[in-house]
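Here the numbering used here is used: the first residue of the sequence shown is 1139, the next is one more, and so on. A virtual CB, placed ideally from N, CA and C, is assigned to each residue, including glycine. Worksheet: one structure, shown below.
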Amino acid sequence: PGDPTTKDEDAFPHELEPIDFWETIPMEKLLLIKGKKVLIADDNKAVRDYLRLVLETHFELVEAANGKEAFKKAEEQLPDIIISDVLMPELNGRQLCKKLKANAGTSHIPVVLLTSQSEGKLQAAGYEAGADLYLTKPIKKEILIQVCINLIQSAGVRQETLLNQLLADMPGKGKGEGKGTGITLTRADEEFL
């Protein structure tokens, strides 16, 4: 008591001045994601609002309140990433993912499924439907941001590989010869080419 070195604000200075996670990301990564479009599909408005709050600083956002609306918006707007809840009306997240991955126009879009259940069987069904990643609620913003950045980087590498194969007149080989990246083309990629 009375000792100025034991004041609460001195004990936890990081809590008084929180560092925005976006400020910790290198500029080259921020430039990579600038203007990229993320489709958020969730029937819970509070979840959509939270995801918007986390992502709106650096992404263009599109929202859908159910799977059917999300599929339509994905076809029309071709987002760079789709973040979808698993449990939704019209089409659930797994059905949406399966439909997106079966469509040549949307099959290239990475899909992140959100779930409040961490059961292995449910996640396996999502991966079987073509999901690129599962995140369990509650979602930590740092993980969500890094996942989005990583998926955009991976999509960039894939796009470069596809372009190299087009330019080399090698579509459909499926062996990823483009610059030795080792990326294998899916049937949907070949149809898209």
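Contacts around residue i, its chain only, beta-carbon distance under 6 Å, and the 5 residues preceding and following it disregarded
i     : result
P1248 : I1219, D1270 and L1289
L1189 : I1178
S1254 : K1275
D1180 : R1186 and D1223
K1239 : S1245 and G1268
Alpha-carbon to alpha-carbon, residue j and residue i
i     : j     : result
P1217 : L1193 : 14 Å
L1229 : D1223 : 10 Å
E1207 : S1292 : 26 Å
R1296 : H1246 : 9 Å
E1166 : A1242 : 31 Å
P1227 : Q1233 : 11 Å
E1213 : Y1265 : 21 Å
D1158 : I1171 : 17 Å
K1210 : C1286 : 21 Å
Buried versus exposed, by CB contacts within 10 Å (16 or more), residue i
i     : result
A1262 : exposed
D1187 : exposed
G1173 : exposed
L1191 : exposed
K1353 : One cannot answer for residue 1353 here, as it falls past the ends of the chain, which runs 1139 to 1331.
A1267 : buried
L1301 : exposed
Paired residues, beta bridge with residue i - DSSP
i     : result
L1337 : Lying before the first or after the last residue shown, residue 1337 is absent from the chain, which here runs from 1139 to 1331.
Contacting residues, own chain, Cβ-Cβ under 8 Å from residue i (five flanking each side not counted)
i     : result
L1260 : V1224 and T1253
Closer than 8 Å to chain C by CB, residue i
i     : result
R1232 : You won't find chain C in this structure, because it holds only one protein chain.
Residue i: CB within 7 Å of a non-hydrogen atom of the ligand FAD
i     : result
N1182 : With respect to the ligand FAD, the structure shown offers nothing to examine, as it has no ligands at all.
Cutoff 7 Å; reference residue i; Cβ partners in own chain excluding five residues on either side
i     : result
Y1272 : L1251, T1253, Q1261 and G1264
Original post:
Can you give, in chain order, each stretch of the beta strand (DSSP E) that sits fully within the stretch 1227 to 1302 and has at least 3 residues?
Top reply: 1249 to 1253 and 1271 to 1274
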